[in-house]
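Enquirer:
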C-alpha cells in the first residue's frame, strides 16, 4: 500500500534539514508520521513511540536534534486511535481492537513497510518510547527481533491492560457503553482536566504551554475518538508475552551487547516512579541508566 510524504506545513525549509509528514494505510486506518533526516544515507533510524493521549508532536524536539545528524534519520509515528491516525471515512473497523497487540502489529508494519523499505540495506533501527510507547517498544523488540537493534525506554509503563481477554459487551460498538461513557469522556478531555493532569506529571511547569494542551485535545474531536477510548481501556493484556517475559527476552538479547538498551527516567515522575527503571536496570545489567532531574513522566519534553 502507498505511503505519501509532504513538507510539514509549519516548516518552509525544503533543504535537507526539513521535517516531513507522511501517511500510510494500516488496518483500514490512515496513519500519520513525521520524519527528519536523509532516509537513504542514514545508518541509524530512531523511531519514537508516544504515550497515551499525545502524538508525534511530543517528539518534535528530538526530531530537530537528531535529524540534523547526517547518519541518523528520526521518525515519530501516531498509533491508531491517537494523534492523527484514524479510520478512513466510512470504513468498517468493528473488528479492530485498540490494544497492545494491534499497536505492536502497527509498529512492526511501520518499521518494515515504511522505514526499512525506503532506506538502504544494513541499517540499524532503534525504538524509543515514552510511557505506553515504552511498553510498545519493549513488546516489539521482544517479538520482532530481526527489525530492532536497540531500545530507549523513557519512563516506560510496566502495565497496560488488566483483562485476560475481551469481555464481550465491553466494546466500542455497544451504544449503551458509548452513552454511559460520554459524560466522563467530555470531562476527561476538557482543557481544565488536561492542564491538571499535566501539572501532576510535569516537573517543569513552564513546559505546559497552551500549544501542548491544544495538541492533546485536538484528536479528541475526531468522531471516532470516544470509541477508541472505550476500546483502549477495555482491551486485554498483550497476548504474546507477559511483561516479565518481555524483559527476559530483552535481557537475553542484551547479554551480547549487540542489542543496546538505554533507560531514561524522570526522577519526579509520580506515576512510573524511578523504582521501575531501577528494577529494569537490575534485570538488564548491560543497559545504560539515566536518572534525569528535574523531569517527570515525559522526560522527552
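In the working numbering, the protein residues as written are 5 to 305. We put the beta carbon where it would ideally sit given N, CA and C, even for glycine. Nothing here was measured: the structure is a model prediction, and the numbers come from that model.
At what residue ranges does the segment 43-75 contain a whole run of the alpha helix (DSSP H), taking only runs of 4 or more?
Expert: Fully enclosed alpha helix (DSSP H) runs of 4 or longer: 64-70.
Enquirer: Considering only residues of the same chain and omitting the five flanking positions on each side of residue 185, which have a CB-CB separation below 8 angstroms?
Expert: If we look at residue 185 and ignore the five residues flanking it on each side, its Cβ neighbours are 230, 233, 234.
Enquirer: Which whole-angstrom value is the C-beta distance of residue 21 and residue 76, which I expect to be below 8 angstroms?
Expert: With 8 angstroms as the limit, residue 21 and residue 76 do not qualify as a contact, their Cβ atoms being about 12 angstroms apart.
Enquirer: Closest to residue 169 by CA distance: which of 241, 123, 160 is it?
Expert: Of 241, 123, 160, the residue nearest in Cα terms is 241.
Enquirer: Going by the CB atoms, is the gap between residue 304 and residue 158 shorter than 8 angstroms?
Expert: Cβ atoms of residue 158 and residue 304: closer than 8 angstroms.
Enquirer: Can you name, in chain order, every residue of its own chain whose Cβ lies under 7 angstroms from the Cβ of residue 19, other than the five neighbours on each side?
Expert: Confidence in residue 19 is poor, its pLDDT being 47 and thus under 50, which makes the residue's placement unreliable; the coordinate value appears in the next sentence. Cβ within range, chain order: n/a, list empty.
Enquirer: Quick one: what does DSSP say residue 262 is sitting in, helix, strand or coil?
Expert: Coil, per DSSP.
Enquirer: Under the assumption that residue 79 contacts residue 49 (Cβ atoms under 8 angstroms), give the Cβ distance between them as a whole number of angstroms.
Expert: Contact holds; Cβ gap of about 7 angstroms.
Enquirer: By the 10 Å Cβ neighbour count, where 16 or more other Cβ atoms means buried, how is residue 38 classified, buried or exposed?
Expert: Buried, because 16 or more other Cβ atoms sit within 10 Å of the Cβ of residue 38.
Enquirer: Can residue 288 and residue 258 be called in contact, C-beta distance under 8 angstroms?
Expert: Cβ distance < 8 angstroms, so residue 288 and residue 258 count as in contact.
Enquirer: Let me know if residue 171 comes out buried or exposed under the rule of 16 or more other beta-carbons within 10 Å of its beta-carbon.
Expert: Classification of residue 171: exposed, given that the 10 Å Cβ count is below 16.
Enquirer: Only counting the same chain, and skipping five residues up and downstream in sequence, which positions put a Cβ closer than 7 angstroms to that of residue 228?
Expert: The answer, listed in chain order, is 90, 91.
Enquirer: Nearest to residue 70 by CA position, among 296, 43, 243, 113, is which residue?
Expert: When each option's Cα is compared against that of residue 70, the closest is 43.
Enquirer: In the DSSP assignment, what residue or residues form a beta bridge with residue 91?
Expert: Looking at the DSSP assignment, residue 91 forms a beta bridge with 33.
Enquirer: Give me the Cα-Cα distance between residue 127 and residue 190, rounded to the nearest whole angstrom.
Expert: C-alpha separation (whole angstroms): 44 angstroms.
Enquirer: Kindly indicate which three-state DSSP category residue 156 falls into: helix, strand or coil?
Expert: Reduced to three states, the DSSP call for residue 156 is strand.
Enquirer: Under the DSSP definition of a beta bridge, which residues are partnered with residue 132?
Expert: Per DSSP, 52, 156.
Enquirer: What are the boundary residues of the beta strand (DSSP E) that includes residue 310?
Expert: In this structure the chain extends from 5 to 305, so residue 310 is not present and cannot be described.
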